[in-house]
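Quick notes on the structure that follows.
There are 4 protein chains.
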Amino acid sequence: MPLNRKVRYGMVGGGPGAFIGGVHRAAAALDGEIELVAGAFSSSAEKSRQQGDALHLDPARVYASWEEMVERERARAEGDRIDFVTIVTPNVSHFAIAKAFIEAGFHVVCDKPMTTTVEDAEELCRLVKRYDTVFGLTHNYTGYPMVKQARELVRQGKLGTLRKVVAEYPQGWLAKAAGINMWRLDPSVAGISSAVGDIGVHAWHLARYVTGLELTALNADLTSFGKGYELEDDANLLVHYDGGARGVIYSSQISVGEENGLRLRVFGTEAGLDWRQEDPNYLHLLYADRASEVYKRGNDYLAPIARHNTRIPFGHPEGFIEAFANIYRNVARTIAARVAGEAPGEFDTDFPTVQDGARGVHFIHRAIDSGRQRDWVDARYAPPT
Amino acid sequence: MPLNRKVRYGMVGGGPGAFIGGVHRAAAALDGEIELVAGAFSSSAEKSRQQGDALHLDPARVYASWEEMVERERARAEGDRIDFVTIVTPNVSHFAIAKAFIEAGFHVVCDKPMTTTVEDAEELCRLVKRYDTVFGLTHNYTGYPMVKQARELVRQGKLGTLRKVVAEYPQGWLAKAAGINMWRLDPSVAGISSAVGDIGVHAWHLARYVTGLELTALNADLTSFGKGYELEDDANLLVHYDGGARGVIYSSQISVGEENGLRLRVFGTEAGLDWRQEDPNYLHLLYADRASEVYKRGNDYLAPIARHNTRIPFGHPEGFIEAFANIYRNVARTIAARVAGEAPGEFDTDFPTVQDGARGVHFIHRAIDSGRQRDWVDARYAPPT
Amino acid sequence: MPLNRKVRYGMVGGGPGAFIGGVHRAAAALDGEIELVAGAFSSSAEKSRQQGDALHLDPARVYASWEEMVERERARAEGDRIDFVTIVTPNVSHFAIAKAFIEAGFHVVCDKPMTTTVEDAEELCRLVKRYDTVFGLTHNYTGYPMVKQARELVRQGKLGTLRKVVAEYPQGWLAKAAGINMWRLDPSVAGISSAVGDIGVHAWHLARYVTGLELTALNADLTSFGKGYELEDDANLLVHYDGGARGVIYSSQISVGEENGLRLRVFGTEAGLDWRQEDPNYLHLLYADRASEVYKRGNDYLAPIARHNTRIPFGHPEGFIEAFANIYRNVARTIAARVAGEAPGEFDTDFPTVQDGARGVHFIHRAIDSGRQRDWVDARYAPPT
Amino acid sequence: MPLNRKVRYGMVGGGPGAFIGGVHRAAAALDGEIELVAGAFSSSAEKSRQQGDALHLDPARVYASWEEMVERERARAEGDRIDFVTIVTPNVSHFAIAKAFIEAGFHVVCDKPMTTTVEDAEELCRLVKRYDTVFGLTHNYTGYPMVKQARELVRQGKLGTLRKVVAEYPQGWLAKAAGINMWRLDPSVAGISSAVGDIGVHAWHLARYVTGLELTALNADLTSFGKGYELEDDANLLVHYDGGARGVIYSSQISVGEENGLRLRVFGTEAGLDWRQEDPNYLHLLYADRASEVYKRGNDYLAPIARHNTRIPFGHPEGFIEAFANIYRNVARTIAARVAGEAPGEFDTDFPTVQDGARGVHFIHRAIDSGRQRDWVDARYAPPT
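The following block contains the structure:
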């Protein structure tokens with residue numbers, strides 16, 4: 000680490016009972032390189048204070064609102080203020096918060112989907128450029144070391160020319176849900192999409208991260224099976240990629256009994272690969288004419304970037320928090336290098352960016368467009384850089 | 000068995016080197032209830048004779064052509080002739096052969112797809128009715144006992160109202176194929192489709208067999224990745240079912256390293272199920288609020304129809320040939336009952352029929368239509384009964 | 000096949016309701032090379048006749064006793080009598096039946112354990128030599144193609160020098176059994192052992208078949224958990240092999256919920272292998288320094304002997320009956336070659352022999368001795384050849 | 000948490016490059032309830048300082064030796080000093096360090112095996128009692144939530160009376176090792192055992208934690224396959240438990256390609272269970288007469304103690320560090336309660352104790368005794384309480 004201190008951050012959102020805020024904090028804490036020093040944990044000042052107390056924060060840095068936080072942290076001396084802010088609020092508020100912190104000179108870690116409109120997403124791209132912000136988007140599933148191994152194998156040409164990509168993300172929690180996490184189904188809070196916007200976008204990003212390919216066209220079949228909401232809870236997409244690969248992306252929140260079944264299969268002219276998030280330490284390589292292979296996390300035979308994103312030896316399972324922590328560690332080291340005026344390490348800039356965020360928002364909107372039109376739509380897109 | 004002899008059959012096709020002919024013979028032989036007594040194994044009289052010798056058949060009943068076979072077997076005394084014919088020739092010839100044998104008064108077992116046109120398929124439906132033929136189509140994957148268990152669980156309402164159906168059938172053999180089985184890619188022999196017609200139709204049939212639902216609409220994305228042929232080798236379909244369920248059917252022959260990856264997942268309001276052909280002795284039930292279950296072949300707790308279609312105890316794996324043999328045994332017992340003038344057993348009529356065949360041919364044609372139009376098409380259909 | 004007819008056999012045992020008799024018949028029938036033509040299916044003449052009728056046998060060749068069968072079949076003209084007898088009676092009667100048929104000039108297929116005493120086993124070895132009998136013992140688990148692949152990999156040195164062998168065979172059926180198959184627990188019928196004699200001996204044979212190593216010493220811990228019988232239903236053995244490898248063999252009939260969990264793991268200086276009978280189409284190779292491999296049945300990259308023992312393409316699961324059928328096919332082809340005065344094919348003599356049977360009986364007795372003495376015993380042995 | 004601050008600890012050992020020190024720190028950091036504030040990370044003062052810098056510790060609390068640490072921390076004001084020490088040095092030094100810190104009034108977290116002699120272990124038991132120390136031993140595998148679920152199911156009687164316990168722990172790293180971690184093989188540093196002392200003891204503890212049973216007798220077969228060391232690298236044990244259950248414990252460091260294959264299977268009169276450390280989020284329940292079940296981490300249907308030891312929702316895999324963190328969190332909360340003068344929470348005292356440590360050291364010695372004597376030995380033991 001180029002800094003002789005931990006990288007410091009504050010959190011917006013993540014108050015009592017919020018699952019994802021706890022994951023962010025655990026992920027940030029894991030390596031001892033990052034320190035939580037401030038927070039506006041809730042739109043309720045009281046709840047924010049409670050959370051700050053529970054986390055043993057200095058009460059002076061537990062704020063009643065993110066607006067207060069951005070002001071008061073900016074007012075602190077350089078070297079004493081937070082280095083970055085983590086935004087884990089409902090989707091609709093990401094934009095305003097991110098904009099304010101960027102303009103105040105802070106770096107940002109933001110949950111996905113980045114914004115609820117393409118316009119906002121593009122504005123963030125421009126702001127990030129203008130303020131030279133380090134901006135990390137928590138498409139955390141690409142933090143898994145075996146996902147990075149998969150990408151390396153594609154890059155090395157081991158799969159040949161890519162032809163077929165199957166990305167699936169079935170969940171079942173919504174089939175029997177009663178009131179939990181329901182902001183995800185309220186368009187005024189979550190945006191225009193649920194099954195695509197909440198999880199399909201992860202499957203989409205995982206596929207493009209591993210394959211290096213972008214979508215050219217898609218055709219979506221969207222359904223809302225549940226009662227009491229209008230957003231789709233099931234989404235099946237036909238997709239075309241750059242260079243001719245074809246595939247399917249499907250995501251579902253009503254596939255009862257499925258837990259968090261993100262899976263990616265990629266087939267090229269020479270080999271195929273298969274990775275499952277619920278068994279993340281293993282990557283399967285399939286061949287036409289020889290025994291298939293199982294690559295296992297933590298081994299010396301893996302690519303350097305896979306080893307870089309691993310903490311413990313083979314056979315000692317790493318999970319979701321560790322993958323999440325890889326995003327944090329890479330972002331934090333990039334920030335630390337920035338603060339120290341140094342170049343980041345070779346693998347430290349490997350985290351999803353504001354452009355990835357804009358692409359994701361665009362993808363979500365195109366999927367919804369296609370579902371409404373019941374037809375193929377153009378999915379090509381280039382965000383501002 | 001109502002007859003005091005084995006049920007007798009002759010085979011058309013299945014000459015030296017033909018994989019599927021050998022599977023049919025092994026499946027028919029397995030239970031000692033069916034006897035191969037005649038054959039026209041090849042369009043080459045010499046090859047037919049060779050095959051007959053290898054099978055230790057009476058040379059007088061090894062024929063130079065199926066036309067000869069139908070004539071000469073019809074000429075034999077009742078009780079001495081074959082009870083049924085098995086047709087395992089390339090798709091394009093199924094119709095003429097089946098028609099001739101039906102008209103000559105024989106029962107029929109026929110490979111899928113049943114015919115290459117919907118018109119021919121419908122004509123077979125009418126012939127089967129007119130001649131009161133027992134007609135079995137070898138959608139063999141529904142012969143697996145745990146598939147029957149799956150259907151029973153759906154019927155019992157254990158899954159609730161069905162919402163999502165994912166049927167997939169990836170193979171990879173064609174990605175590296177050089178000349179093998181290439182009649183499957185020649186439209187003049189195979190018909191208008193490869194990935195759908197050869198395997199997608201199995202996935203479609205498996206889904207409808209288990210769910211009891213028929214398609215109402217579909218939208219197909221078809222690609223021909225290989226060189227030297229025009230038929231599609233990859234097919235991704237969005238599908239709608241009766242009653243509102245949605246889903247995906249995909250089949251592929253270029254998913255390198257996949258072997259015979261037929262898999263079905265069905266999700267209802269109460270539970271989900273998951274079955275894989277490559278691990279066929281197990282059926283997984285998934286719930287929202289309790290431990291998932293693994294049903295295992297051969298146990299007393301399974302449904303009667305699952306136990307009826309099983310030969311050996313739990314833990315002793317049954318495979319593809321045994322599933323195939325279930326189709327044969329059920330057809331043969333139905334024929335035996337017919338010959339004996341008795342009613343067939345409760346579970347003996349559980350085999351794919353000529354109507355299933357006509358539906359399959361219609362499904363294939365609608366998938367190709369949709370792929371060409373790049374749009375949704377109506378998939379509803381009722382064959383002659 | 001060197002004969003221009005099927006190989007003919009008769010069965011002793013395998014009457015109505017006997018599971019293993021049906022498996023033998025299905026296995027023999029599978030390839031169309033072997034024909035059941037005679038039988039003494041039960042010690043009850045009436046039950047024997049019923050079974051013969053159900054199997055559509057010529058009533059003249061359905062016998063009231065095995066003694067009658069051996070006399071009457073011997074009296075038939077050469078070329079008309081059975082080529083071999085299959086013995087599927089309870090263990091204690093194997094010896095007398097085998098002896099009689101051998102002395103009458105017939106070849107033999109016999110269930111394991113071959114006899115209930117070492118003396119009887121050795122006498123069979125001598126008889127087989129004297130009468131030049133083809134004698135096949137149905138250690139059927141070594142009929143699986145991936146077991147043969149495993150042996151080839153060991154032979155090729157891919158594992159290096161062998162060090163550790165773990166052979167396990169848990170079952171649970173006896174934990175809740177009430178009266179079923181109870182002859183297995185009656186010493187006057189089954190012999191001196193249950194968990195070792197019924198299934199442990201399969202695990203032992205599987206290990207030695209794959210590794211090529213024989214035991215030098217063993218130490219057994221035997222327990223009888225159930226009520227109403229004295230034979231052990233759980234057996235844990237420490238074992239030493241030729242050349243210094245060590246290991247464990249355990250078998251259990253009270254491991255509730257285990258079905259037929261035979262598994263073999265072998266570790267050498269260079270690699271390890273892992274095979275499970277309940278998932279028999281796959282063989283796992285494990286390495287210290289590269290991705291592990293999954294060998295899959297039916298592929299061209301497998302050893303010739305593995306391909307020889309496979310009937311259908313990859314991805315189409317083969318199971319227990321197919322493995323059993325490999326024993327039968329190899330025995331039958333060896334007999335056919337003998338009858339025709341030819342040499343058997345390269346892979347046709349690959350089946351367990353009378354010496355393997357004698358070794359098995361010796362192993363069982365040494366395990367019981369060790370359990371009684373609560374000490375290590377010498378396990379070295381050489382049967383008469 | 001009863002304290003309004005984090006619980007503070009110092010670490011002895013865990014210098015640059017030490018794997019397990021990093022795991023301890025990550026586990027302690029995960030929940031934001033524990034803070035590393037001091038350390039004597041190496042017997043080299045320079046390396047200790049380097050590690051302290053890398054961890055951004057106050058240099059005044061980075062010590063050149065553990066002796067210095069115990070003195071200087073004791074000298075700090077109450078409320079400012081560390082609450083507990085973590086000992087992650089090679090085995091032989093655990094005793095002296097633990098003794099010193101206990102006598103200085105600190106609580107202790109210690110790696111296993113706790114000491115290298117039974118006498119030392121018993122002395123620690125007495126010291127812990129005398130000084131009323133909170134002492135946690137990192138048998139971390141029992142920190143997994145599904146292990147706790149397994150124990151609950153046993154306690155609830157779901158398995159009935161226990162009969163068979165199979166605990167296995169194969170590793171392969173030593174088969175090809177060259178110089179890594181070699182202190183584990185030096186008796187003057189590691190103690191008298193390797194395969195038992197390093198990993199077998201984990202398997203032993205896991206079995207007794209889940210079953211609630213202690214060993215009564217054991218018979219060990221120990222082998223040293225490698226060159227350059229004398230300690231055993233492979234151990235196979237026959238074991239007897241209280242109440243009549245029998246089983247096997249085997250551990251191996253030369254099972255090439257095995258990574259960290261700890262697995263426990265327990266069978267009772269009613270049901271069996273199966274848990275694998277490399278797939279730790281799932282627990283399999285096996286029944287004689289109904290579908291087997293898969294319990295999945297993070298679900299509401301699990302026992303309260305399993306849910307207490309889980310951080311994130313189902314389908315988001317937790318791994319080794321999270322299990323380790325459960326030990327830490329429980330220890331830290333027990334310490335926090337002690338400091339605050341309150342009773343610990345219902346589940347907070349669920350961590351391995353100094354008595355568990357003494358039992359483990361005794362088990363290791365009895366295994367070595369048995370291996371040397373090549374005979375059964377008494378394994379009963381009661382440590383000072």
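In order, the protein sequences belong to chains A, B, C and D. Residue numbering for the first sequence follows numbering that gives the first Met the number 0, starting at 0 and increasing by one per position. Residue numbering for the second sequence follows numbering that gives the first Met the number 0, starting at 0 and increasing by one per position. Residue numbering for the third sequence follows numbering that gives the first Met the number 0, starting at 0 and increasing by one per position. Residue numbering for the fourth sequence follows numbering that gives the first Met the number 0, starting at 0 and increasing by one per position. Every residue gets a Cβ at the ideal spot worked out from N, C-alpha and C, and that includes glycine.
- Within the model, the alpha-carbon separation for threonine 268(A) versus threonine 160(A) is close to 5 angstroms.
- Interface with chain B (8 angstroms Cβ-Cβ cutoff): serine 193(A) is excluded.
- In the three-state DSSP reduction, lysine 163(B) falls in the strand class (E or B).
- Between tyrosine 249(A) and asparagine 259(A), the CB-CB gap reaches or exceeds 8 angstroms.
- At a cut-off of 8 angstroms between beta carbons, lysine 147(A) makes no contact with chain C.
- The C-alpha of asparagine 3(D) is placed about 13 angstroms away from the C-alpha of aspartate 79(D).
- Listed along chain A are Arg310, Ile311, His315, each with a C-beta nearer than 9 angstroms to that of valine 22(D).
- In this structure, valine 153(A) keeps its C-beta atom at 8 angstroms or more from the C-beta atom of valine 238(A).
- In the assembly as shown, lysine 295(D) is a buried residue. Its beta-carbon has 16 or more other beta-carbons within 10 Å.
- Contact of glutamate 292(B) with chain D by beta-carbon distance below 9 angstroms involves Arg289, Ala290, Ser291, Glu292, Val293.
- Taking 8 angstroms as the Cβ-Cβ cut-off, the stretch 250-281 of chain B approaches chain A at Ser251, Ile253, Ser254, Val255, Gly256, Glu257, Arg264, Phe266, Gly267, Thr268, Glu269, Ala270, Gly271, given in chain order.
- A residue is called buried once 16 or more other Cβ atoms fall within 10 Å of its Cβ, and glutamine 354(A) is buried on that count.
- One finds Asp288, Arg289, Ala290 in chain D with Cβ atoms closer than 8 angstroms to the Cβ of tyrosine 300(B), taken in chain order.
- Beyond the five residues adjoining it in sequence on each side, alanine 302(D) comes within less than 6 angstroms, by CB distance, of Gln148, Glu151 in the same chain, given in chain order.
- Boundaries of the alpha helix (DSSP H) around phenylalanine 362(C): 353-372.
- A contact between stretches requires three or more CB pairs, one per stretch, nearer than 8 angstroms, and the stretch 198-215 of chain C meets this requirement with the stretch 358-368 of chain C.
- For glycine 190(C), same chain residues with a beta-carbon under 6 angstroms away, outside a window of 5 residues either side, are Asn90, Thr115, Gly196 in chain order.
- About 6 angstroms separates the beta carbons of arginine 358(D) and proline 382(D), which is inside the 8 angstroms limit, making them a contact pair.
- The Cβ atoms of lysine 163(A) and serine 251(B) sit closer than 8 angstroms to each other.
- If you look at glycine 51(A), you'll find it in the alpha helix (DSSP H) that goes 44-53.
- Non-local beta-carbon contacts of isoleucine 19(B) in its own chain, meaning distances under 6 angstroms to residues more than five positions away in sequence, involve Val87 in chain order.
- Taking CB atoms only, isoleucine 320(A) has a neighbour in chain D less than 8 angstroms away.
- DSSP places arginine 80(B) outside both helix and strand once states are collapsed to three, so it counts as coil.
- A Cβ-Cβ contact shorter than 8 angstroms links proline 351(B) with threonine 141(B).
- Within chain B, no C-beta atom comes less than 7 angstroms from the C-beta of threonine 215(A); the nearest is roughly 13 angstroms away.
- For threonine 132(C), the closest alpha carbon among the candidates Val330(C), Arg183(C), Leu35(C) is that of Val330(C).
- Lysine 295(B) is bridged by DSSP to Tyr281(B).
- Below 8 angstroms, enough C-beta pairs join the stretch 93-100 of chain C and the stretch 57-76 of chain C to call them touching: three or more.
- Contact with chain D is found for phenylalanine 18(A), since one of that chain's Cβ atoms lies less than 8 angstroms from the residue's Cβ.
- Look at alanine 287(A) here: in three-state DSSP terms it is coil, with no helix or strand label.
- Chain-order list of chain A residues neighbouring threonine 222(B): Arg245, by C-beta distance under 7 angstroms.
- Listed in chain order, the positions of the stretch 162-186 of chain C with a beta carbon within less than 7 angstroms of a beta carbon of chain D are Arg162, Lys163, Gly171, Ala174, Lys175.
- Using a Cβ-Cβ cut-off of 8 angstroms, asparagine 218(B) is close to Asn218, Asp220, Leu237 of chain A, given in chain order.
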